[in-house]
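Quick note on our numbering: the sequence shown kicks off at 5 and runs consecutively.
Yeah, the Cβ is synthetic: ideal placement off N, Cα and C, and Gly gets one too.
Keep in mind the model is a prediction, meaning the values are calculated, not measured.
The block underneath contains the structure these notes are about, expressed in structure tokens.
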Amino acid sequence: MAKASEIEKNNGFEMGNPYYCKECKRNHTKGKIYKDHLNFASFENNTEEDNLDENNELNNDDYDDEEELINAFNEIEDRENKIEIEDQLVDDLELKDVDLDDEDELNREKSLKECINAVKELPGVGEATLNKLIKAGFSSLESIAFTPPKIIQSESGLGEKTTEKLIKSSMEILNIGFKSAEDVWEHRKNIARITTGSQELDDSLGGGVETGSVIEFFGEFRTGKTQIMHQLCVNVQLPRENGGLEGKALYIDTEGTFRPERIIQMSEGLDLDHKKVLKNIIFGRAYNSDHQVLLIKEAANLIKEKGVKLIVVDSLIGHFRSEYIGRGTLATRQQTINSHLHDLLRLCDIYPDLAIVVTNQVQSKPDVFYGNPLQAAGGNIVAHGSTIRIYLRKGKGEQRIAKIVDAPHLPEGDAVFSITENGISD
Ligand code: GTP
Ligand code: MG
Numbered sequence: 005m006a007k008a009s010e011i012e013k014n015n016g017f018e019m020g021n022p023y024y025c026k027e028c029k030r031n032h033t034k035g036k037i038y039k040d041h042l043n044f045a046s047f048e049n050n051t052e053e054d055n056l057d058e059n060n061e062l063n064n065d066d067y068d069d070e071e072e073l074i075n076a077f078n079e080i081e082d083r084e085n086k087i088e089i090e091d092q093l094v095d096d097l098e099l100k101d102v103d104l105d106d107e108d109e110l111n112r113e114k115s116l117k118e119c120i121n122a123v124k125e126l127p128g129v130g131e132a133t134l135n136k137l138i139k140a141g142f143s144s145l146e147s148i149a150f151t152p153p154k155i156i157q158s159e160s161g162l163g164e165k166t167t168e169k170l171i172k173s174s175m176e177i178l179n180i181g182f183k184s185a186e187d188v189w190e191h192r193k194n195i196a197r198i199t200t201g202s203q204e205l206d207d208s209l210g211g212g213v214e215t216g217s218v219i220e221f222f223g224e225f226r227t228g229k230t231q232i233m234h235q236l237c238v239n240v241q242l243p244r245e246n247g248g249l250e251g252k253a254l255y256i257d258t259e260g261t262f263r264p265e266r267i268i269q270m271s272e273g274l275d276l277d278h279k280k281v282l283k284n285i286i287f288g289r290a291y292n293s294d295h296q297v298l299l300i301k302e303a304a305n306l307i308k309e310k311g312v313k314l315i316v317v318d319s320l321i322g323h324f325r326s327e328y329i330g331r332g333t334l335a336t337r338q339q340t341i342n343s344h345l346h347d348l349l350r351l352c353d354i355y356p357d358l359a360i361v362v363t364n365q366v367q368s369k370p371d372v373f374y375g376n377p378l379q380a381a382g383g384n385i386v387a388h389g390s391t392i393r394i395y396l397r398k399g400k401g402e403q404r405i406a407k408i409v410d411a412p413h414l415p416e417g418d419a420v421f422s423i424t425e426n427g428i429s430d
């Protein structure tokens, strides 16, 4: 983040004037603008206070203590230059690495080594094949067994026969095939849940956001989708007895609405050390739909290595909607979304203790005369891809209403929650 003086010097912004940053969606009345945003966001010079309030009620109300937040930021920046929060944009196609505690690091290294050793033991795997597999991100039996052969082939450069053999042996070792309903029940009993912060919302989800599924929150703008995503990134880090999974979160932001400030507020609401919480969120900004797809493929490698227990994609199809315009592109668009969703679903299969949450916009269906004309975007492809769908709408003031739609094992019902300064609550 840049100091006001730097901005003034570099960019000719005048001190003291309020600027409305379209990236932050708020005014920087103190003349302090995030330096990164200068590269791609646009600004409006708002000198009339009245105007500001009207155009921008969300932002002025939301951040009373702007000064305090900015101070908190500067403090972190000074003490720990190596984690540049606003700078955690994606370098080429790589998700930025975060520092891990030493013990964590050792454990992860150990488990990664174990995975690689198992792959090494597969019949027919020599040094060269192993290298190709690891380079393409197939460093565990699970990732080989659950990926379609064509994808393994194209990404690793291995031949058809070798790939088939590898998949077959991995499946045998992992004992994948038909199983009894009792085994399925055993598996489902191990499902863990992350609290949303609201008891009512948790209850309607059967105890929180569950692992092993793709969960979709959809609704109109400002219904709290992004806020819930932020809250889950904090809550996943909580101890299990407090509704967390003691894991890290991986956040793919397609809309540029990730706000470390909110993570700090939410951490403080839970009496957590915000520096640690921020450290445990791996952040990737997807600049277009291809980039988004690649980030998820890249993410697959980080899950085991870093102990990621939650993946957030906010929003799932925003880029697809803006890039594929017109009827002619519909089929390709749906195909690409479909394969992207399957990448996500596959991750749930490979890592049963991973939760995936995505957000989705709504579109209005002009041909609906009765009932709700708003529908989740993406059509049937997205509807069938996600396991649990939650429709969000606005209530009074801070209140929001969530309705579970389409969950195979949950009753349909309304849950009311609030978005407060400290995050999601009842
Ligand atoms: P789109 O991404 O535009 O589709 O909307 P969204 O559903 O992601 O909305 P988001 O999660 O960004 O919710 C925005 C709402 O959260 C605002 O209307 C605010 O009411 C609320 N909000 C955000 N920050 C704060 C805060 O610091 N305090 C309080 N009380 N509310 C906040
Ligand atoms: Mg949002």
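By the Cβ-count criterion, Q296 is buried, with 16 or more other Cβ atoms from all chains shown falling within 10 Å of its own Cβ.
In the DSSP secondary-structure assignment, D187 is not bridged to any residue. Closest by C-alpha distance to S202, out of I405, K154, F324, is I405. The closest heavy atom of the ligand MG lies less than 7 angstroms from the beta carbon of K229.
Taken through DSSP and simplified to helix, strand or coil, L396 comes out as strand. Cβ contact annotation for L254 (same chain, cutoff 6 angstroms, sequence separation greater than five): I286, A303, V312, I315, in chain order. When rounded, the separation of the alpha-carbon atoms in E204 and T340 is 35 angstroms. Shown here, E118 sits in a helix according to DSSP, grouped into three states. Unbroken alpha helix (DSSP H) runs of no fewer than 4 residues, entirely contained in the region 205–284, are found at 229–239, 264–273, 278–283, following chain order. Annotated three-state conformation of S326 is helix, per DSSP. The criterion of a C-beta distance shorter than 8 angstroms is satisfied by L134 and K124.
Rounded to whole angstroms, the gap between the alpha carbons of I148 and V420 is 42 angstroms. A contact is defined here as three or more CB-CB pairs under 8 angstroms, and the region 219–237 meets this definition with respect to the region 390–402.
Check the Cα spacing between R350 and each of L116, P152, G141, A122: the tightest is with P152.
In summary, A132 is exposed, with fewer than 16 beta-carbon neighbours lying within 10 Å of its beta-carbon over all protein chains present. A residue is called buried once 16 or more other Cβ atoms fall within 10 Å of its Cβ, and N292, having fewer, is exposed.
Rounded to the nearest angstrom, the Cβ distance from T199 to D207 is 11 angstroms, too far for a contact under 8 angstroms.
Here the alpha carbon of S115 sits roughly 16 angstroms from the alpha carbon of K252.
As a beta-bridge residue in DSSP terms, T363 pairs with F221. Here the alpha carbon of G210 sits roughly 21 angstroms from the alpha carbon of Y355. Distance from the C-beta of E259 to the nearest heavy atom of the ligand MG is below 7 angstroms.
In this structure, DSSP gives A406 an extended state, which the three-state scheme calls strand. When rounded, the separation of the alpha-carbon atoms in A140 and G216 is 24 angstroms.
If you check the C-beta of T363 against the ligand MG, you find a heavy atom less than 7 angstroms away. In the DSSP assignment, the residues bridged to A419 are A406. The alpha carbon of L358 has as its nearest neighbour, out of R337, K310, G330, E402, the alpha carbon of K310. For the pair V188 and I180, the Cα-to-Cα distance works out to about 12 angstroms. With a cut-off of 7 angstroms, the C-beta of D318 is classified as near the ligand MG, since at least one heavy atom of the ligand falls inside that distance. The C-beta distance from E214 to I195 rounds to 5 angstroms, short enough to meet the 8 angstroms contact threshold. The C-alpha of Q367 lies about 51 angstroms from the C-alpha of P127. Here R263 is buried: its Cβ has 16 or more other Cβ atoms, across all protein chains shown, within 10 Å. Annotated as proximal: D318 and T258, with beta-carbon spacing under 8 angstroms.
Using a Cβ distance threshold of 8 angstroms, I360 and V218 count as a contacting pair.
Here the C-alpha atom of K301 lies approximately 12 angstroms from the C-alpha atom of I256.
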